[in-house]
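*Asks:* Let me begin by handing over the structure; questions about it come next.
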Amino acid sequence: MLKTVNLQKKYTTDEVETTALVNVNLQVRQGEFVAIMGPSGCGKSTLLNIIGLLDNPTSGEFYFLDKEISKFSERQRANLRKEHLGFVFQSFNLIDELTVYENVELPLIYLKVGNAERKQRVEQVLEQMQIAHRRNHFPQQLSGGQQQRVAIARAVVSKPKLLLADEPTGNLDSAHGQEVMQLLSSLNEQGTTIVMVTHSPTDADYAHRIVNLFDGQIISENVKELAIL
Amino acid sequence: MFKNYFLVAVRTLRRNLGYTMLNVIGLALGITCSLLLYLVIRHELSYDTFHSKADRIYRINVDKLTANGPETNAGTPFPMLATIKASLPELSPATHLYNTEGGTFTVLSNNDKVPAKKFREEKNVLFVEPAFFDLFDFPTGSVNARQALKDVNTVLLTQSIADRYFPGENPVGKVLRMDNVVNLKVTGVIPDAPENTDLPYLMLIDYESSKKINTFMNDSWNSTNSNQQVYFAMSPGSSLKQAEDRLNQITSKYRRISPGEKERYIFQPLLQMHFDDEYGTLSSRTISKTTLWALGLIGMFLVLVASINFVNLATAQALRRSKEVGMRKVLGASKPQLMTQFLCETGLITLVALLLSVVFAELLLPFLNQLLELQISFSILHDPQMLLFLLAVLVAVTFFAGFYPALVISGFQPISALKSKVATARVAGLSLRRTLVVVQFTICQVLIICTIIVHNQMEYFRSASLGFDKEAIVNIPVPAGKAGDLMALRPQLESHSAVKATSFAIAPPSANIDMNSSFQYDDFSVDRNFSVNLKLADENYLKTFSIPLLAGRMYEKSDTMQEFVVNETFLQKVGVKDPQEAIGKKLLVNGGQNEGKIVGVVKDYHLSSLRNEIPPVVMSTMTQVYFYLNAKIEQKNAKAALAHLQNVWLTAYPDDVFHYEFFDDSIARFYEEEQRQAHLFKVFSFIAIVIGCLGLYGLVSFMVAQRTKEVGVRKVLGASSASIVGLFSADFVKLVLIAFVIAGPISYYFMDKWLQDFSYRINIGYWVFLAAGALTLLIALTTVSVQALRAAFSNPVRALKTE
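Going down the list, the protein sequences come from chains A and B.
Here the first sequence stands for residues 553 to 781, numbered as in this note's numbering.
Here the second sequence stands for residues 231 to 1033, numbered as in this note's numbering.
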């Protein structure tokens, strides 16, 4: 599904050059559930942003669906994003001015999905995430767990090939956190590839493979015994 | 997609109600002004455009070069029209008309000719030929106007005059007596003259009848009157220049001109009359194209100032929208899609402002009409031109105000936007926004400076010493040539205790009536190359108007010219330094017809508006041409005095209508146009300042938001609230100063030019600029402080936590 070759990311300000990623070689196969772990500032989020086509690497190659895309323009990346990628963030990032239903509908609008199909798909995913009864509420009227379920619904409504989650349980209590992880896990079982950044070993346990990052480098990978590779 | 944009827009605007209100009100104010100014400009540009031949109709004016300098007017000698018809067939149709400045109308009953009701009209009584209707397309309703005025002694009444003179009756066939001289038969009632014509009329009378009213006019080539005008249409394809040359060749054969003088008849396009105050119009309303441009610019500036607010406020708001923008980008929104979204939002705000401004304009139009003495109306739905204008404003404001913020917001990097870490420098576009604020301040200051200067000049007009007393004096017209009838009753006139003094004269000291004459002074041997203004008045004139004598005495009572009194300017012009020296010198005026001795010298007084210099004046007596009774009355008993004067006046002239005007009112009318401009300036600069303040308020709130953390850190480190306010204010003080440096010279240039029109004018003092600068600074600092204080008093811990 995706492969990075000697991926580097440097941030340059006037005087200081910060290296966020050093020669990262990572491969994620279709259907995998990968967790990226490591201390704060190790480059986890930078890696996720590059994988999520929100950022460009400084050097190295990045293959997504067998295409080398590290030099893609913003417009090309935006197109890939809306067709193939779903995002879940720690802070949910729901649009406050839109209702639950409208938030989930938004990716389909950008994909220019027809009215009837849109309605059907949104309803379906809301049912799936067990949030349909809140469809006309605004984000602030929901609990954190509910908000994250909406965010996941929004991330998967476009049936992305790859779901990226940046500390999805970071803002939730443990009960809601577990609920969210179970949702992600079941999505993965239904075929969605997932890459997740996390601090939490409990969350990482849901993954097939754990990639440990330290100072911008992959220092180890643990493959779980039960992994279906 | 658009439904989504719309939903988000409405909800966002509703949530940030304060921001929305600032924007909407600011924009609505700006658009309202531009809308009103558009209506005014459109009205002024529409004068006489409704005639089908409008673009090829001309008026014949004359440019003269006399010993006293250039003179221009629109008067033509009576035989001019016949000459045109005989020799210049390409000037067709051609017609002449006579405009009388007033008249007394008596409604006679049809059978016994007993006077029933009397009316006095001050203007717009027009004498026209049937050909008038071949040239112009005034509305005549169902009346065949050509036919209705083909006989002598006929009159067409406008509807409003018909309603006033003959309420509830059909006036057709009834008789109207004008000035107790001529009986006119009403042959029809036509609609009122359109508001937008320079040939306004209350009634149209057959041209032949004018000869009985205008007895000064004769058939000679050498008698002209600016109310006797010729209009014609130029046949398509013929040369205007050639026709003009030929006309001048012909007229030069007939006209007697003094050696050294020159004159040329020129053709003035009908459509330019309204913008040229040199020749004037019968409506006595003209407006220069420059003034129209200035009004248009002010309208644009007000929208500009409001749009600048919008840009500043929207970029301020952008920080709060960054999360939404980030998420939309993550979901695959492209930059053009986001720009469209934000432009739609701007469009929505503009649309709301636009609708609001239509309501505002509707409410304010009556006041504007009153201010400008116009009757403009608009009904938006039946006015495609207006709808087009509004659409243009909508599109222009949306793009001008919305483009930059949309560009900035849609350019956010998704990751940083999501983390609300949008580089503040990027959003700030600091130099651009500072420039915008400087533009705003500059516009405000220019308007303030102009307002102060125009106001001061107006005050100067009001308070300047004119050299005579104008308080509590009434000017009462007397029928032409009949002043003697009332003069005989003078003891009666002055018998009332509230009547202090009376004087009969050709006109009050300052009036638009001039009588010029050549003259010879002293030994009659020197030919002077200037003429004098003859001020004919009785022996009480100086006393009534409190005009001081410098030497000698006032002339004695007389019905004809016997003795003379001259003014200071006269002495200067003939080279006499000591007024005493002139006493007893001989003077010959009026083409050598009148000779007499100078018995007194008066201090200079103004003969017309302060636009003009004081001319050399020779005063003398001549009962025949006294058109006014001027009475000095007791202010607190004015009512009784007027009633008394009316009684005596009616004893002398039982068939006429008594009317009067207070002298200070008639002087104020010299400056009507300037007064109107002064009002406009005041209103619009006030609005510009209000809009500017709204924007400034928004801008500072942006800066405060942007520097929350900085303020927090400073406070933790021990900064005082005052120093925080100073931190924000310092920036604006700089901007005001830059604007001041730009605004000063611009406004000086324009106001200096404006003041050049007046021979007597104020000096533009440096204090005007200082005051305007200080005022702007004060307004700016007050606005800034409101927000800055909020930042200064905020809890630093909260400020730091938001990071």
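Beta carbons: idealized from backbone N, C-alpha and C, even for Gly.
Assuming I261(B) and L584(B) make a contact with CB atoms under 8 Å, what is their CB distance in whole Å?
*Replies:* Sure, about 6 Å apart at Cβ, within 8 Å.
*Asks:* Between Y662(A) and chain B, is the shortest Cβ-Cβ distance under 9 Å, so that the two count as touching?
*Replies:* It does: the Cβ of Y662(A) has a partner Cβ on chain B nearer than 9 Å.
*Asks:* Flag this pair as yes or no: are the beta carbons of F988(B) and R841(B) separated by less than 9 Å?
*Replies:* Yes; because the gap between Cβ atoms is below 9 Å, this pair is in contact.
*Asks:* Quick one: is P566(B) buried, meaning 16 or more other Cβ sit within 10 Å of its Cβ, or exposed?
*Replies:* Classification for P566(B): exposed.
*Asks:* Following the continuous alpha helix (DSSP H) through V998(B), name the residue where it begins and the one where it ends.
*Replies:* 996–1023 is the extent of the alpha helix (DSSP H) around V998(B).
*Asks:* Counting only beta-carbon atoms, is A655(B) nearer than 9 Å to chain A?
*Replies:* Annotation note: pLDDT 47 at A655(B) (below 50); position unreliable, no value reported.
*Asks:* Against chain B, does A630(A) count as a neighbour if the rule is that its beta carbon must be under 9 Å from one of theirs?
*Replies:* Yes - at least one Cβ of chain B is within 9 Å of the one on A630(A).
*Asks:* Considering only DSSP beta bridges, list what F616(A) is partnered with.
*Replies:* DSSP, once it has assigned bridges, lists L554(A), K619(A) as partnering F616(A).
*Asks:* Whose CA, out of P309(B), L967(B), T330(B), R937(B), lies closest to the CA of A1018(B)?
*Replies:* Closest by alpha carbon: R937(B).
*Asks:* Which residue wins for smallest C-alpha separation from I844(B), given the options K492(B), N763(B), S725(B), I610(B)?
*Replies:* Considering only alpha carbons, the answer is N763(B).
*Asks:* Put Q700(A) into one of helix, strand or coil per three-state DSSP.
*Replies:* Helix.
*Asks:* Indicate whether the contact test is met: 3 or more Cβ pairs, each with one atom in the stretch 869–884 of chain B and one in the stretch 491–502 of chain B, closer than 8 Å.
*Replies:* Counting Cβ pairs under 8 Å, fewer than three are found: no touch.
*Asks:* Closest Cβ-Cβ distance between L561(B) and chain A: below 9 Å?
*Replies:* So yes, L561(B) belongs to the interface.
*Asks:* When we look at the beta-carbon of Y509(B) and count the other beta-carbons within 10 Å, is it buried (16 or more) or exposed?
*Replies:* The residue is buried, with at least 16 neighbouring Cβ atoms inside 10 Å.
*Asks:* Kindly identify the DSSP beta-bridge partner or partners of R761(A).
*Replies:* V586(A), V775(A).
*Asks:* Quick one: Cα of T516(B) to Cα of Q905(B), how far?
*Replies:* When rounded, the distance between both Cα atoms is 14 Å.
*Asks:* Can you tell me where the alpha helix (DSSP H) holding I271(B) begins and where it ends?
*Replies:* Looking at the DSSP string, the run of the alpha helix (DSSP H) that includes I271(B) is 247–275.
*Asks:* Just to make sure I have the definition right: I need the residues of chain B whose C-beta is within less than 7 Å of the C-beta of K634(A). Which are they?
*Replies:* Near K634(A) (Cβ distances below 7 Å), the residues of chain B are L561, G562.
*Asks:* Please decide whether T242(B) counts as near chain A, where near means a Cβ-Cβ distance under 9 Å.
*Replies:* Yes, because at least one Cβ of chain A sits closer than 9 Å to the Cβ of T242(B).
*Asks:* If the cut is a Cβ gap below 8 Å, which residues of chain A does P644(B) touch?
*Replies:* Near P644(B) (Cβ distances below 8 Å), the residues of chain A are L606.
*Asks:* Bridge partners of I863(B), per DSSP?
*Replies:* Beta-bridge pairing links I863(B) to V729(B).
*Asks:* Just the chain B side, please: which residues come within less than 7 Å of F639(A) by C-beta, in chain order?
*Replies:* V560, listed in chain order.
*Asks:* Please work out which residues of its chain come closer than 6 Å, Cβ to Cβ, to A717(A), disregarding the five sequence neighbours upstream and downstream, and give them in chain order.
*Replies:* Counting only Cβ-Cβ distances below 6 Å, and skipping sequence neighbours, we find V640, M748.
*Asks:* Assuming V582(B) and V254(B) make a contact with CB atoms under 8 Å, what is their CB distance in whole Å?
*Replies:* Right, their Cβ atoms sit about 5 Å apart.
*Asks:* Return the bridge partner residues of L387(B) from the DSSP annotation.
*Replies:* DSSP lists V419(B), M433(B) as partners of L387(B).
*Asks:* Is there a Cβ of chain A sitting closer than 9 Å to that of E1033(B), yes or no?
*Replies:* With a pLDDT of 41 at E1033(B), under the threshold of 50, the predicted position of this residue should be treated as unreliable, and no value is reported.
*Asks:* Along the chain, where does the alpha helix (DSSP H) containing E675(A) start, and where does it finish?
*Replies:* E675(A) -> alpha helix (DSSP H) spans 667–680.
*Asks:* Any beta-carbon of chain B closer than 9 Å to the one on R706(A)?
*Replies:* Taking Cβ atoms only, chain B reaches closer than 9 Å to R706(A), which makes this a yes.
*Asks:* Report the rounded CA-to-CA distance for V943(B) versus G956(B), giving the unit in angstroms.
*Replies:* Their backbone Cα atoms lie some 16 Å apart in a straight line.
*Asks:* Could you give the DSSP three-state label for Y785(B): helix, strand or coil?
*Replies:* It is coil, neither helix nor strand.
*Asks:* Counting C-beta neighbours from all protein chains within 10 Å, is the total for K519(B) 16 or more, i.e. buried, or is it exposed?
*Replies:* It counts as exposed.
*Asks:* Quick test of your reading: S850(B) and Y785(B), contact by CB under 8 Å. State the CB separation rounded to the nearest angstrom.
*Replies:* At roughly 7 Å, the Cβ-Cβ gap stays under 8 Å, so S850(B) and Y785(B) are in contact.
*Asks:* Can you give the beta carbon distance from V574(A) to L554(A), rounded, assuming they're within the 8 Å contact cut?
*Replies:* At roughly 19 Å, the Cβ-Cβ gap does not stay under 8 Å, so V574(A) and L554(A) are not in contact.
*Asks:* CB-CB under 6 Å to A258(B), same chain, minus the five flanking residues each way: which ones, in chain order?
*Replies:* Here the set comprises A583, L586, S587.
*Asks:* Would you tell me roughly how many angstroms separate the C-alpha atoms of T1013(B) and I679(B), rounded to the nearest one?
*Replies:* About 20 Å.
*Asks:* Quick one: residues in its chain with C-beta nearer than 6 Å to the C-beta of K294(B), no 5 flanking neighbours on either side, listed in chain order?
*Replies:* Here the set comprises E301, E493.
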